[in-house]
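Structure first, then comments.
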Amino acid sequence: MQRKPLLCANWKMFRPPDGWDATDSPYRSQARADIVIFPTHLHITKCIKAKMLVGAQYGRPEPEGAFTGDVSMQMLKAQGCSYALCGHSERRQNHGETDIFIAEQIIAALEAGLHPILCIGETKEEYDKGKTQSILKRQLSPVSMINSLPAVLSSVVSIAYEPVWAIGSGINALPADIQNIHTFIRSLLPEQSQKSTRILYGGSVNELNASGFLAHEDIDGLLVGACSLEVEKFTEIMRSIS
Ligand code: PGA
């Protein structure tokens, strides 16, 4: 099955890079690939006005309530967002997000009409102990919760495999190893959405290694952090999508 490539720029808690909204900006979606930027919540409106495909780095499941500092999935959709990251490892680590909470985020995102991207990945310690598969199985449990949803909904969830030890470390995983892990992840998905689900890789992706990942059958796109803040490098990454 032909899955449309998905390239995500995770700007984390940084300002949009100079030149991000130029007419030839690499952050604009194209016919051959969905290119989505994830700015801070403060920059979302500006990016939507610039006609970019925009995602939220985080959204709370409840539609509204006494949650100081939070923004709901429903509000993000109303603002014009299309996508939402759920369970990025920095949120799991810094904000104690649990698998149950992440499952609630995914359901809320789907109900709001957002396209959730579930982020999963093992730590260095778990990797060294050979626990990668069991950790991924556990982190994918939210997907089994959405198994009961109609196929049309469950197939709009994407997965981003980001080994924690590869994020921001400059140590990227080997593309062939990632292909094997993505095959494993795909085998754990509900049958109805196995072929249609896009599985991205993230972790120290740069302009030199991007094409090596994208050459593999089960690597349907990339979630890029640091290099997505450098317009020239991100342009090269965008060009590596064939
Ligand atoms: P990195 O970040 O590309 O800087 O490693 C990826 C991410 O955190 O999504």
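For the record, in the sequence shown the residue sitting at position 85 is 369 according to our numbering, with numbers rising by one throughout.
The C-beta atom is built at its ideal place from N, Cα and C for all residues, glycine as well.
Practice problem: Find out if the Cβ-Cβ distance for the pair G487, A457 is shorter than 8 Å. | Solution: Along the sequence shown, read from residue 1 onward, the residue named residue 487 stands at position 203. Along the sequence shown, read from residue 1 onward, the residue named residue 457 stands at position 173. Yes, these two residues count as a Cβ contact at 8 Å.
Quiz item: Is the segment 367-384 in contact with the segment 334-345, if contact means three or more CB pairs nearer than 8 Å?
Solution: Touching, yes, given that three or more Cβ pairs across the two stretches are closer than 8 Å.
Practice problem: State yes or no: is the C-beta of T481 within less than 8 Å of the C-beta of L472? | Solution: Counting from 1 along the sequence shown, the entry for residue 481 is found at position 197. Counting from 1 along the sequence shown, the entry for residue 472 is found at position 188. Result no, Cβ atoms of T481 and L472 do not sit closer than 8 Å.
Practice problem: Note down the Cα distance separating F322 from K330, rounded to an integer number of angstroms. | Solution: The residue given as residue 322 occupies position 38 in the sequence shown. The residue given as residue 330 occupies position 46 in the sequence shown. So the alpha carbons of these two residues sit roughly 12 Å apart.
Quiz item: So is P289 buried or exposed if we call it buried at 16+ other beta carbons inside 10 Å?
Solution: Along the sequence shown, read from residue 1 onward, the residue named residue 289 stands at position 5. Here P289 is buried: its Cβ has 16 or more other Cβ atoms, across all protein chains shown, within 10 Å.
Quiz item: Is the beta carbon of A396 within less than 7 Å of some heavy atom of ligand 1?
Solution: For the purposes of this step, residue 396 is identified with residue 112 of the sequence shown, where counting begins at 1. Checking every heavy atom of ligand 1 against the Cβ of A396, none is found closer than 7 Å.
Quiz item: Since A444 and L398 are thought to touch, with beta carbons under 8 Å apart, how far apart are those beta carbons, to the nearest angstrom?
Solution: To locate residue 444, count along the sequence shown from 1; it is residue 160. To locate residue 398, count along the sequence shown from 1; it is residue 114. About 15 Å separates the two Cβ atoms, so there is no contact after all.
Quiz item: How is A368 classed by DSSP in three states: helix, strand or coil?
Solution: Your numbering for residue 368 matches position 84 in the sequence shown. Three-state result, A368: strand.
Quiz item: Can the beta-carbon of V427 be found less than 8 Å from the beta-carbon of L402?
Solution: Within the sequence shown, residue 427 is the residue found at index 143, counting from 1. Within the sequence shown, residue 402 is the residue found at index 118, counting from 1. Pairing V427 with L402 gives a Cβ-Cβ distance under 8 Å.
Quiz item: Rounded to a whole number of angstroms, what is the C-alpha to C-alpha distance between V515 and G452?
Solution: Position 231 of the sequence shown, counted from the start, is the residue given in the question as residue 515. Position 168 of the sequence shown, counted from the start, is the residue given in the question as residue 452. For V515 and G452, the gap between their C-alpha atoms comes out near 18 Å.
Exercise. Using alpha carbons as the reference points, say which of V489, H466 and E491 lies closest to K479.
Key: Counting from 1 along the sequence shown, the entry for residue 479 is found at position 195. Here the closest residue by C-alpha is H466.
Exercise. Could you name the residues of the same chain whose beta carbon sits closer than 8 Å to that of A499, not counting the 5 residues immediately before and after it, in chain order?
Key: Counting from one through the sequence shown, the residue named residue 499 turns up at place 215. Non-local beta-carbon contacts of A499 in its own chain, meaning distances under 8 Å to residues more than five positions away in sequence, involve P459 in chain order.
Practice problem: Can you have a look at S309 and say buried or exposed, based on whether 16 or more other CB atoms are within 10 angstroms of its CB? | Solution: Residue numbering aside, residue 309 sits at position 25 when the sequence shown is read from its first letter. Around the C-beta of S309, 16 or more other C-beta atoms lie within 10 Å, and the residue is accordingly described as buried.
Self-check item: Beta-carbon gap between C370 and I328 smaller than 8 Å
Solution: The count along the sequence shown starts at 1 and reaches residue 370 at position 86. The count along the sequence shown starts at 1 and reaches residue 328 at position 44. With contacts defined as CB atoms closer than 8 Å, C370 and I328 fail to qualify as a contacting pair.
Self-check item: Per-residue DSSP class, three states only, for P447
Solution: As a first step, residue 447 is located in the sequence shown; it is residue number 163 there, counting from the start. The answer is coil: DSSP assigns P447 none of H, G, I, E or B.
Practice problem: Pull up the DSSP beta-bridge partners for S356, would you. | Solution: Mapped onto the sequence shown, residue 356 falls at position 72. Its beta-bridge partners are R344.
Exercise. State the DSSP-derived secondary structure class of F518, mapped to helix, strand or coil.
Key: Taking the first residue of the sequence shown as 1, we reach residue 518 at position 234. F518 falls in the helix class under three-state DSSP.
Quiz item: Helix, strand or coil: which one does DSSP assign to D302?
Solution: Here residue 302 refers to the residue found at position 18 when the sequence shown is read from its first residue. DSSP, reduced to helix, strand and coil, places D302 outside both helices and strands of the structure shown, so it counts as coil.
Quiz prompt | First through last residue of the alpha helix (DSSP H) which encompasses P459 | solution = In the sequence shown, residue 459 corresponds to position 175, counting from 1. Its alpha helix (DSSP H) spans residues P459 to L472.
Exercise. Report the rounded CA-to-CA distance for G303 versus I332, giving the unit in angstroms.
Key: For the purposes of this step, residue 303 is identified with residue 19 of the sequence shown, where counting begins at 1. For the purposes of this step, residue 332 is identified with residue 48 of the sequence shown, where counting begins at 1. Roughly 15 Å separates the two Cα atoms.
Practice problem: In the DSSP assignment, find the unbroken alpha helix (DSSP H) run with H379 in it and report its ends. | Solution: The count along the sequence shown starts at 1 and reaches residue 379 at position 95. S373 to H379 is the span of the alpha helix (DSSP H), which, as asked, contains H379.
Quiz item: Just curious, the alpha helix (DSSP H) that A494 is in, first and last residue?
Solution: Translated into the one-based positions of the sequence shown, residue 494 becomes position 210. Taken as a continuous stretch (DSSP letters only), the alpha helix (DSSP H) holding A494 covers A494 to L498.
Quiz item: Leaving out the 5 sequence neighbours to the left and right, which residues in its chain are closer than 6 Å to K413 when beta-carbon positions are compared?
Solution: Here the question's residue 413 lines up with position 129 in the sequence shown. Cβ neighbours of K413 beyond the five flanking positions: none.
Practice problem: For A387, count neighbouring C-beta atoms within 10 Å of its own C-beta (all shown protein chains included) and say buried if the count is 16 or more, exposed if not. | Solution: For the purposes of this step, residue 387 is taken as residue 103 along the sequence shown, with counting starting at 1. A387 should be labelled buried.
Quiz item: Of the choices C292, N464, D502 and R523, whose alpha-carbon is the least far from that of A368?
Solution: In the sequence shown, residue 368 corresponds to position 84, counting from 1. Answer by Cα proximity: C292.
Practice problem: Quick one: which unbroken beta strand (DSSP E) runs of 3-plus residues sit fully inside the segment 301-330? Chain order, please. | Solution: Within the segment 301-330, the complete beta strand (DSSP E) runs of at least 3 residues are 318-322.
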